[in-house]
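First the structure, in the form of structure tokens, and then the observations on it.
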Amino acid sequence: MAASDILILGAGPGGATTALFLAKLGIPCTLVDKATFPRDKICGDALSGKVVEVLKKLDPALVAQLQMRSEFLGSYGVTFIAPNGDALRVPFKKDIGEQTPPPGFISKRVDFDQWLVEKVREQPLITLREQTEIRQYERSETGYRAIAKSGEVFEASMIIAADGAGSTFTKDIAGLRVEPEHNCFGLRAYYKNVSGLDHQNFIELHFLKEFLPGYFWIFPLPNGYANIGVGMRADVMSDRKLNLKKEFEKIITSHPAVRMRFEQAEMIGDVKLHGLPLGSKKRQLSGDHYMLVGDAAMLIDPFTGEGIGNAMMSGMLAAQQVSRCLATQKFDAATMAQYDKAVYDRLWSELLLSYRMQQLVNYPSIFNFVVRKANGNAVLRETIMAMFEDLDLRSRLKDPRFYFKLLFS
Ligand SMILES: Cc1cc2nc3c(=O)[nH]c(=O)nc-3n(C[C@H](O)[C@H](O)[C@H](O)COP(=O)(O)OP(=O)(O)OC[C@H]3O[C@@H](n4cnc5c(N)ncnc54)[C@H](O)[C@@H]3O)c2cc1C
Numbered sequence: 304m305a306a307s308d309i310l311i312l313g314a315g316p317g318g319a320t321t322a323l324f325l326a327k328l329g330i331p332c333t334l335v336d337k338a339t340f341p342r343d344k345i346c347g348d349a350l351s352g353k354v355v356e357v358l359k360k361l362d363p364a365l366v367a368q369l370q371m372r373s374e375f376l377g378s379y380g381v382t383f384i385a386p387n388g389d390a391l392r393v394p395f396k397k398d399i400g401e402q403t404p405p406p407g408f409i410s411k412r413v414d415f416d417q418w419l420v421e422k423v424r425e426q427p428l429i430t431l432r433e434q435t436e437i438r439q440y441e442r443s444e445t446g447y448r449a450i451a452k453s454g455e456v457f458e459a460s461m462i463i464a465a466d467g468a469g470s471t472f473t474k475d476i477a478g479l480r481v482e483p484e485h486n487c488f489g490l491r492a493y494y495k496n497v498s499g500l501d502h503q504n505f506i507e508l509h510f511l512k513e514f515l516p517g518y519f520w521i522f523p524l525p526n527g528y529a530n531i532g533v534g535m536r537a538d539v540m541s542d543r544k545l546n547l548k549k550e551f552e553k554i555i556t557s558h559p560a561v562r563m564r565f566e567q568a569e570m571i572g573d574v575k576l577h578g579l580p581l582g583s584k585k586r587q588l589s590g591d592h593y594m595l596v597g598d599a600a601m602l603i604d605p606f607t608g609e610g611i612g613n614a615m616m617s618g619m620l621a622a623q624q625v626s627r628c629l630a631t632q633k634f635d636a637a638t639m640a641q642y643d644k645a646v647y648d649r650l651w652s653e654l655l656l657s658y659r660m661q662q663l664v665n666y667p668s669i670f671n672f673v674v675r676k677a678n679g680n681a682v683l684r685e686t687i688m689a690m691f692e693d694l695d696l697r698s699r700l701k702d703p704r705f706y707f708k709l710l711f712s
């Protein structure tokens, strides 16, 4: 029998963050993962400002640690490359100087997830069980019974499913289906010696006209590495019968705006593919005795592909919900719905905006226009910049009058 009856499935950023916030609240839990850490996760490896925000809430000293460690590269912004080749450089913060702490980081997931799991191991209130794959769930009188591949049984009054994009809990118990128009496939490869990387480690998102509505990315990493990849919506992939690996190779070897940068580059390891369940649609994220967190809750940003920050944010909110449930001893679906509200109160406005921006990519001439205008218009440029820091400004972007004023002023 497990040590605590709060059971978290998956020790990725979502599950590990849930466990760490529970420990901060003085609540013991069991955290299981089918892997043994360190383990790899296919990802772009960009840790946004939201990751930093959640870590600060957990313990401000953690952010200082990231700055000190060589596996983490501080990143100061993002460059969008429009279909016509124009680039828009958007710093994550205004007035970045020599001494400004990095607003974001880039780190191979094998290192970031291991670092988080090290924090988990330091917490006596968390029982971490690696190499423990949960295969089956049954309702019990007090909640759920989770049965591992080994046959071991975990009795739980609360299950927090943070078992990623392929979550069987999400499919079998929560009843959520992967919908191709709200799902993306991404392919990632590691390279050395990619030329022309940004001097402030800006990440690059290229919206190549031959590959719309998908995107190609170049993210610098520590020690001369770079994370290179492509992402495309699943429905578009199947409509066009696209082979993502072939598209990726074509871009690297022959796209005029890209191929020069790979002339001296060497791929390290293999190209790998993984799904991204997008948060472009609201779903029911909880029910009697359970909550879904991170990719299991399908919370990935539909425009940027960012999911780590949303996984950690939802993990923090899930821990707060556990605390409310324990205080009232209520675990029913109506009580758990407070969690859904908390998640969407925090994330929905930006997910919706990103969904609109994803649709904008279908109109390359508008995309080109916005980038050209932003390059010549300080107010628009600063507004886009502020989207990364300030949610109120994001909501301003939803008001059509705002565009009118900006574009025709
Ligand atoms: C190609 C690609 C590029 C991306 N780029 C970025 C990016 O640059 N920045 C960003 O923020 N996000 C990015 N994302 C999204 C990001 O990778 C995810 O959103 C993030 O990993 C979600 O974290 P999680 O904790 O929910 O799930 P995961 O990180 O997937 O962790 C789930 C854990 O559950 C475990 N598990 C699974 N099943 C079981 C089971 N049955 N029993 C026990 N354990 C189980 C797994 O071993 C794993 O450790 C990208 C995704 C892809 C595919």
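Numbering (the numbering used here), first residue to last: 304 to 712. C-beta: ideal position from N, C-alpha, C; glycine also. Only a predicted model underlies this, so the values are computations on that prediction, with no experimental measurement involved.
Rounded separation between residue i and residue j - CA only
i           : j           : result
residue 387 : residue 334 : 47 angstroms
residue 531 : residue 374 : 17 angstroms
residue 612 : residue 340 : 20 angstroms
residue 614 : residue 357 : 10 angstroms
residue 492 : residue 632 : 47 angstroms
residue 397 : residue 685 : 8 angstroms
residue 694 : residue 687 : Residue placement at residue 694 is poorly supported in this model, since its pLDDT is 46, which falls under 50; the coordinates still yield a value, given next. So the alpha carbons of these two residues sit roughly 11 angstroms apart.
residue 336 : residue 363 : 27 angstroms
residue 621 : residue 653 : 19 angstroms
residue 677 : residue 392 : 10 angstroms
residue 483 : residue 402 : 44 angstroms
residue 380 : residue 502 : 11 angstroms
residue 474 : residue 441 : 14 angstroms
residue 486 : residue 536 : 6 angstroms
Where residue i falls: helix, strand or coil (DSSP)
i           : result
residue 304 : Summary for residue 304: the model assigns pLDDT 38, below 50, so the residue's position carries little reliability, and this model does not support an answer.
residue 498 : coil
residue 368 : helix
residue 334 : strand
residue 346 : coil
residue 577 : strand
residue 569 : strand
residue 677 : helix
residue 467 : coil
residue 457 : strand
residue 555 : helix
Proximity winner among the options, relative to residue i (alpha-carbon distances)
i           : options               : result
residue 344 : 662, 544 and 577      : 577
residue 432 : 623, 456 and 469      : 456
residue 560 : 474, 640 and 519      : 519
residue 458 : 445, 468, 464 and 470 : 445
residue 649 : 476, 619 and 380      : 619
residue 498 : 419, 523 and 477      : 523
residue 435 : 454, 464 and 671      : 454
residue 404 : 443, 376 and 418      : 376
residue 516 : 385, 683, 328 and 323 : 385
residue 421 : 406, 319, 449 and 668 : 319
Residue i Cβ short of 7 angstroms to ligand 1 heavy atom set
i           : result
residue 485 : no
residue 614 : yes
residue 346 : yes
residue 337 : yes
residue 626 : no
residue 596 : yes
The region 553–565 in contact with the region 588–608 per 3-pair CB rule at 8 angstroms: With the cut-off at 8 angstroms, the region 553–565 and the region 588–608 do not touch.
Segment contact, 8 angstroms Cβ cut-off, at least three pairs: the region 363–372 with the region 306–322: The region 363–372, when compared against the region 306–322, does not touch it at the 8 angstroms Cβ threshold.
Given 8 angstroms, three or more beta-carbon pairs between the region 502–509 and the region 574–590: No: fewer than three Cβ pairs fall under 8 angstroms.
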